[in-house]
DNA sequence: GTGAAAGCGCTAACAT
DNA sequence: ATGTTAGCGCTTTCAC
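Protein chains in written order, with the numbering used here: chain W, 377 to 712; chain S, 377 to 712.
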């Protein structure tokens, strides 16, 4: 006994009016008399009417739904970005479909396809670390679905972008290490194909140079997850004897390294100072607490979705593509 | 110049066949000749045809989309459940729409409405801690949208359920504390309106009783977030002098308490042993590393969505509602 | 093996 | 202030 979801037609029949009247009444169209509007609303509520978004979307040729793709939910940063996006999107009458790529290009492509099949009106994407082929993004654009990239951006794709000033941040972090007397600073870097990785490394280089500290290429390791810390264990421990500080490209990696060194008897920060990046809540759980650089995830999410909705609601405005840059703050704790 | 998304009609016109033929060819209907099928597929690929899920859903009266609501993405447990759900759902041709309630009943209700308007075929829900009114769940069921609850369940609502054996887990945790010589065990409990909270407290009580340890009601505090630890700071520190162990209802809370006590000079676990629950990755970051109880999130997600899809695909089977219980493992680390 | 036609639920231009 | 009608993209029954 399938309890049928009431449709506009059902309401129309029950009330002896036409479907269009019902539609107009529900959408508070000014032409409809107050009385009719009231009757329709009352009856609709009584039968628990719920608009069929599929039908509305099909009619309007847009779904009022935005697609979000993040690498992983567990990262506090991304979850704050999502919160920012949700708050603005809901308040403007948009829904969101959220996907995670698990840092996998294949999964990211599947996600995009699913979102496009769902006819999302626009996309908010932070590409996976393994994404080298951008054809799925261009495909979306060819279908006239705008993309706003956040945090990690893709060069050469016409789109709005919202990023942190990763260069400044890692410059500040590195500078702090130098100011506090460190000279031989190991850098655990993210892949250089993503902007975030490149920019954070660039900040590190420039800070060293500016302070007249010679860059030692030996001190730079591609290593941006706790897993890779384990994998590079030997190498890291070997280098550790030769450095007095470590700047890891994110907090998870920083803490994994911290653990590793502590297990080998190093005292942090006395023998080796350690910094992360991102100010994840785990930074305060680590012991010693982690010096890091805070990012404005929530604000970035709000900005990204605002730019997207603005573009969607002014399709003919030919708005120029913009890149908004957010400044974070150095957070000095115990580890450096 | 809106680059039009190709539709079945467009393909039909271009190829000089009828839309029904195109539809059948794309769906590999056996009636269609191999030649036609090939021509249709080739042309569809060349124009990057993408089925319009909205239209398909409208026609079929189902969206092949499942709705997921979790309290918060950042919790490792929930994100593993989501991964489990996604893997099975994708492999069976379903998409997912994921929402977070932020532990807020209001937001949870909005989420459910949005998902129902999207005509999801079924729901996978872990209710928020603040949810006391269940009308949004019954509403979904009245619309014939089945719900599978996971981790946190709601009594009295006809639905499948997938849970951890929280009773056994907290019994094991408490028992471990007793076995290692602790007698005065503080318990930081979750709200008793959610099953998880009740069950974990029940395990604590029963373990104490079974070992002949008298329960001291004074040692039980409603406190299940780091925030609440801060709020109950005085009270906790006051009690701390009187106990030799603390069992917190989750790892975040456990670690917050650990920090608090350490700052006040307590040595963990020598003076006070601490355990959490859930085996979040932060348990290994804490210092000392946290003794806790591991939950099988990924497996629970797979099971939950399997039950849901099974029900969806056998609408007339009148399958009895089931509750699947997953057993976790005690993870003994340094803190207890 | 293929086509014509109807309809899923909704909206909006065009009546009246 | 309200009704009629057509159509969004797709599937499917019924023809042939």
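Quick reminder that beta carbons are idealized off the backbone N, C-alpha and C, glycines included. None of these values were measured; they are calculated from a predicted model.
Report back the beta-carbon spacing between residue i and residue j to the nearest angstrom; my notes put them in contact at under 8 Å.
i                      : j                      : result
residue 630 of chain S : residue 650 of chain S : 6 Å
residue 394 of chain S : residue 388 of chain S : 6 Å
residue 479 of chain W : residue 447 of chain W : 5 Å
residue 553 of chain S : residue 712 of chain S : 6 Å
residue 461 of chain W : residue 701 of chain W : No, residue 461 of chain W and residue 701 of chain W are not in contact; Cβ-Cβ is about 18 Å, not under 8 Å.
residue 474 of chain W : residue 474 of chain S : 5 Å
residue 433 of chain W : residue 483 of chain W : Not a contact, Cβ separation roughly 25 Å.
residue 633 of chain W : residue 595 of chain W : The pair is not a contact, with the Cβ atoms about 13 Å apart (cut-off 8 Å).
residue 704 of chain S : residue 672 of chain S : 6 Å
residue 471 of chain S : residue 513 of chain S : Incorrect: roughly 22 Å between the Cβ atoms, too far for contact.
residue 415 of chain S : residue 391 of chain S : 6 Å
residue 605 of chain S : residue 599 of chain S : 6 Å
Over what stretch of residues does the beta strand (DSSP E) that includes residue i continue unbroken?
i                      : result
residue 563 of chain S : 561-565
residue 705 of chain S : 705-707
residue 513 of chain W : Element bounds for residue 513 of chain W: not the beta strand (DSSP E) but the alpha helix (DSSP H), 511-518.
residue 649 of chain W : 649-651
residue 476 of chain S : 471-476
residue 446 of chain W : 441-446
residue 498 of chain S : 498-501
residue 505 of chain S : Element bounds for residue 505 of chain S: n/a, residue is neither H nor E.
residue 622 of chain W : 621-624
residue 695 of chain W : Segment: none, residue 695 of chain W is in no beta strand (DSSP E) and carries neither H nor E.
Considering only the beta carbon of each residue, do residue i and residue j sit closer than 7 Å?
i                      : j                      : result
residue 524 of chain W : residue 683 of chain W : yes
residue 547 of chain W : residue 582 of chain W : yes
residue 681 of chain W : residue 445 of chain W : no
residue 601 of chain W : residue 580 of chain W : no
residue 536 of chain W : residue 576 of chain W : no
residue 597 of chain S : residue 637 of chain S : no
residue 628 of chain S : residue 561 of chain S : no
residue 625 of chain S : residue 670 of chain S : no
residue 666 of chain W : residue 677 of chain W : no
residue 685 of chain W : residue 468 of chain W : yes
residue 589 of chain S : residue 558 of chain S : no
residue 498 of chain W : residue 430 of chain W : no
residue 449 of chain W : residue 455 of chain S : yes
residue 481 of chain S : residue 506 of chain S : yes
residue 644 of chain W : residue 657 of chain W : no
residue 648 of chain S : residue 661 of chain W : no
residue 528 of chain W : residue 567 of chain W : no
residue 730 of chain W : residue 534 of chain W : No information on residue 730 of chain W is available, as it lies outside the stretch 377 to 712 that chain W covers here.
residue 408 of chain W : residue 398 of chain W : no
residue 654 of chain W : residue 526 of chain W : no
residue 519 of chain W : residue 381 of chain S : yes
Does the beta carbon of residue i fall short of 6 Å from some heavy atom of the ligand ATP?
i                      : result
residue 445 of chain W : Absence of the ligand ATP is noted for the structure shown, with no ligands found whatsoever.
Span of the alpha helix (DSSP H) holding residue i?
i                      : result
residue 668 of chain S : Note, residue 668 of chain S: premise wrong, no alpha helix (DSSP H); beta strand (DSSP E) at 668-670.
residue 635 of chain W : 627-639
residue 456 of chain W : 452-467
residue 422 of chain W : 410-422
residue 384 of chain W : 384-391
residue 540 of chain W : It is not in any alpha helix (DSSP H) - residue 540 of chain W instead sits in the beta strand (DSSP E) that spans 536-540.
residue 661 of chain S : 658-661
residue 531 of chain W : Segment: none, residue 531 of chain W is in no alpha helix (DSSP H) and carries neither H nor E.
residue 699 of chain W : Where residue 699 of chain W is concerned, there is no enclosing alpha helix (DSSP H), although the beta strand (DSSP E) it sits in stretches over 699-702.
residue 429 of chain W : 429-436
residue 685 of chain S : 673-689
residue 488 of chain S : 481-493
With 7 Å as the C-beta to C-beta threshold (strictly closer), list the residues of the stretch 420-443 of chain S near chain W in chain order. 424, 426, 427, 428, 429, 430, 431, 433, 434 and 439
Chain S contacts made by the stretch 473-492 of chain W, where a contact means CB separation under 8 Å: 473, 474, 475, 476, 478, 486, 489, 490 and 492
With 7 Å as the C-beta to C-beta threshold (strictly closer), list the residues of the stretch 659-673 of chain W near chain S in chain order. 661, 662 and 663
Only counting runs of 4 or more residues, tell me where the alpha helix (DSSP H) segments fall wholly within the stretch 547-616 of chain S, in order along the chain. 571-586, 602-607 and 609-616
In the stretch 457-474 of chain W, which residues sit with their C-beta less than 9 Å from some C-beta in chain S, listed in chain order? 458, 459, 462, 466, 471, 472, 473 and 474
Residues in the stretch 621-641 of chain W with C-beta within 7 Å of chain S's C-beta atoms, listed in sequence order? 631
Between the stretch 494-526 of chain W and chain S, which residues of the former have a C-beta closer than 7 Å to a C-beta of the latter? 494, 495, 515, 518, 519 and 520
Give me the subset of the stretch 444-455 of chain S whose CB atoms are less than 7 Å from a CB atom of chain W, sorted by chain position. 449, 450, 452 and 455
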